[in-house]
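For reference, the structure discussed in these notes is given below.
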Amino acid sequence: MASLAASTAPASLGISEIFGNPLNLSGASRTSTPTASSTVTFKPVALFSKKKAAPPPKSKPTSVSPVDEELAKWYGPDRRIFLPEGLLDRSEIPAYLTGEVPGDYGYDPFGLSKKPEDFSKYQAYELIHGRWAMLGAAGFIIPEACNKFGANCGPEAVWFKTGALLLDGNTLNYFGKNIPINLVFAVIAEVILVGGAEYYRIINGLGFEDKLHPGGPFDPLGLAKDPDQAAILKVKEIKNGRLAMFAMLGFFLQAYVTGEGPVENLAKHLSDPFGNNLLTVIAGSAERAPTL
């Protein structure tokens, strides 16, 4: 019997340890030796815990279309402003600059647009001047560039020299063809065509809903049929118009200082960037031959 107890005790301890029951060695020595008639019962214990339920999948953030993302850059309270966030707090932007107008960077240091009627007026002034500046910049550059690179646009294709030719009673010459337009005819045509178009715009003679951005026959390619795309194009137009106005100012100053057109100025600078630039012109070391 002693040998039977000695042989069964380690087995019972091993089973108890496997099933996770705490071992009590002192108690085990005091337990009676099991007999053949006694029954031993075991409580099954799970060896592995149940897996926790997986958390519900997170909802994906709503995707923003490229058009909406582009519009958010230029419109609304979170639009881009004229200074970076660290240099300008949005609370300093005037309350009347809400970001509803294309090109509104929150910049009005003199408060010129506090009144709604003044806001609309200056918006129209800026847009019209920007459009004329874009046309003027193209008219300054294209004839001189064509003449420089082989096309015959007359002996003096520079913008201010073309005007001098008309003042002297001469006519224009483009691509080897004489154009019988003298100064008087040019002035009359400009007053009638440009002045008439501007007057018609002011009185809204065609009945457009938006006099500044009419669309319709003035958008033959249908680029602005989509309202969102039209809003983006309005921003591009005013940005390019502002750049063109600064370019026109630069053309005037360059012509006065150097006596040359913008294309010739650019060609000289590219041929010798360190010998022909703003600093050399101011210092007087660059060649200067004003003819205005």
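Under the working numbering, the residues of the sequence shown are numbered 17 to 308, in order. The beta-carbon is built from N, C-alpha and C at its ideal position, and this holds for glycine as well.
*Which stretch, first to last residue, makes up the alpha helix (DSSP H) that contains Ile281?*
Taking the sequence shown and counting its residues from 1, one reaches residue 281 at position 265. Correcting the residue type first, residue 281 is Asn in the shown sequence and not Ile. Note, Asn281: alpha helix (DSSP H), 278-287.
*Is there contact here, the segment 146-163 with the segment 124-134, by at least three beta-carbon pairs under 8 Å?*
no
*Measuring from the CB of Gly300, is there a heavy atom of the ligand GTP at a distance below 6 Å?*
In the structure shown, the ligand GTP is absent, as is every other ligand, since no ligand is present at all.
_8 Å CB neighbourhood of Arg258 in its chain, flanking five on each side removed_ = What you label residue 258 is simply residue 242 of the sequence shown in a count that begins at 1. Beyond the five residues adjoining it in sequence on each side, Arg258 comes within less than 8 Å, by CB distance, of Gly119, Glu142, Gly146 in the same chain, given in chain order.
*asked:* Can you tell me where the beta strand (DSSP E) holding Leu181 begins and where it ends?
replied: Reading the sequence shown from its first residue, position 165 is the one you call residue 181. Taken as a continuous stretch (DSSP letters only), Leu181 belongs to no beta strand (DSSP E), being part of the alpha helix (DSSP H) at 175-183.
*Can the beta-carbon of Pro278 be found closer than 7 Å to that of Phe290?*
Within the sequence shown, the letter at position 262 stands for residue 278. Within the sequence shown, the letter at position 274 stands for residue 290. Pro278 is not a Cβ neighbour of Phe290, given a cutoff of 7 Å.
*Unbroken alpha helix (DSSP H) runs of length 4 or more, entirely within the segment 113-161: which are they?*
Fully enclosed alpha helix (DSSP H) runs of 4 or longer: not present.
*Exposed unless 16 or more other CB atoms sit within 10 angstroms - verdict on Phe156*: Walking along the sequence shown from the start, residue 156 turns up at place 140. Its Cβ being crowded by 16 or more others within 10 Å, Phe156 is buried.
*Could you give the distance in angstroms between the alpha-carbon of Trp90 and the alpha-carbon of Val251?*
Sequence index remark: in the sequence shown, residue 90 carries index 74 (1-based). Sequence index remark: in the sequence shown, residue 251 carries index 235 (1-based). Answer to the nearest angstrom: the Cα atoms are 7 Å apart.
*Hey, would you say Asp244 sits closer than 7 Å to Val83, going by beta carbons?*
Translated into positions along the sequence shown, residue 244 becomes position 228. Translated into positions along the sequence shown, residue 83 becomes position 67. Cβ atoms of Asp244 and Val83: closer than 7 Å.
*What are the start and end residues of the alpha helix (DSSP H) that includes Leu249?*
As a first step, residue 249 must be located in the sequence shown, where it is residue number 233. Run containing Leu249: 243-274, per the alpha helix (DSSP H) assignment.
*Would you check if there are 3 or more beta carbon pairs closer than 8 Å linking the segment 269-286 to the segment 161-179?*
yes
*Using the Cα positions of Gly211 and Ala140, report the straight-line distance between them to the nearest angstrom.*
On the sequence shown, position 195 is the one that residue 211 refers to. On the sequence shown, position 124 is the one that residue 140 refers to. When rounded, the distance between both Cα atoms is 16 Å.
*Check whether the Cβ atoms of Ala153 and Ala260 sit closer than 7 Å, and answer yes or no.*
The residue you call residue 153 lines up with position 137 of the sequence shown. The residue you call residue 260 lines up with position 244 of the sequence shown. Yes. Within cutoff.
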